[in-house]
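Residues in the sequence shown are numbered consecutively from 0, following numbering that gives the first Met the number 0.
These notes concern the structure reproduced below.
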Amino acid sequence: MSENKLLDLSFEFAVAIVNLTDCVSLPKSSYMTDQLARAGTSVGANIHEAQYAHSKKDFIAKLEIALKEVNETGYWLKLMYETKRIDEDSYRNTEKLCGTIRRLLIASCRTAKDNQ
Numbered sequence: 000m001s002e003n004k005l006l007d008l009s010f011e012f013a014v015a016i017v018n019l020t021d022c023v024s025l026p027k028s029s030y031m032t033d034q035l036a037r038a039g040t041s042v043g044a045n046i047h048e049a050q051y052a053h054s055k056k057d058f059i060a061k062l063e064i065a066l067k068e069v070n071e072t073g074y075w076l077k078l079m080y081e082t083k084r085i086d087e088d089s090y091r092n093t094e095k096l097c098g099t100i101r102r103l104l105i106a107s108c109r110t111a112k113d114n115q
């Protein structure tokens with residue numbers, strides 16, 4: 000897997016999350032959109048930060064944080080979909096990208112741990 004692919008996908012994901020949360024205008028949804036925005040944009044931030052890790056251990060830790068954040072993002076996406084805050088197409092498209100990043104992060108963490 001190319002590191003650039005994960006970097007590019009995580010940035011694309013952050014843009015999708017920002018655009019999605021901007022479309023939700025229900026006042027009672029603000030806590031969910033805030034959580035979704037924080038978790039969704041944190042994924043790419045941690046992946047990018049991992050590129051300048053001080054050590055292999057630090058690199059793995061950053062990727063594992065990104066993995067936790069992508070899992071949390073999946074939770075908020077599903078909750079917003081199930082409570083009718085976002086439409087099915089938005090949910091499916093964003094969740095698909097979320098799943099792709101999750102799988103790439105799992106593979107990257109395993110590879111990095113195996114090469115320690």
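Note that CB positions come from ideal geometry on N, CA and C, so glycine has one too.
In this text, all values refer to a predicted model and were calculated from it rather than measured experimentally.
Please classify residue i: is it buried, with 16 or more other beta-carbons within 10 angstroms of its beta-carbon, or exposed?
i, result
"N18", "exposed"
"G98", "exposed"
"E87", "exposed"
"K4", "exposed"
"K95", "exposed"
"L66", "buried"
"T110", "exposed"
I think residue i touches residue j, with their Cβ atoms under 8 Å apart; what is that distance to the nearest whole Å?
i, j, result
"N45", "E68", "6 Å"
"Y90", "Y80", "4 Å"
Is residue j closer than 8 Å to residue i when the C-beta atoms are compared?
i, j, result
"E63", "C108", "yes"
"I85", "V23", "yes"
"I100", "L8", "yes"
"K77", "Q115", "no"
"F12", "G39", "yes"
"H47", "L103", "no"
For a cutoff of 8 Å on Cβ pairs, would you count residue i as touching chain B?
i, result
"Q50", "No chain B appears in the structure shown, which is made up of a single protein chain."
>> My parser needs the alpha helix (DSSP H) runs of 4 or more residues fully inside the segment 53–94; what are they?
In response: 55–81
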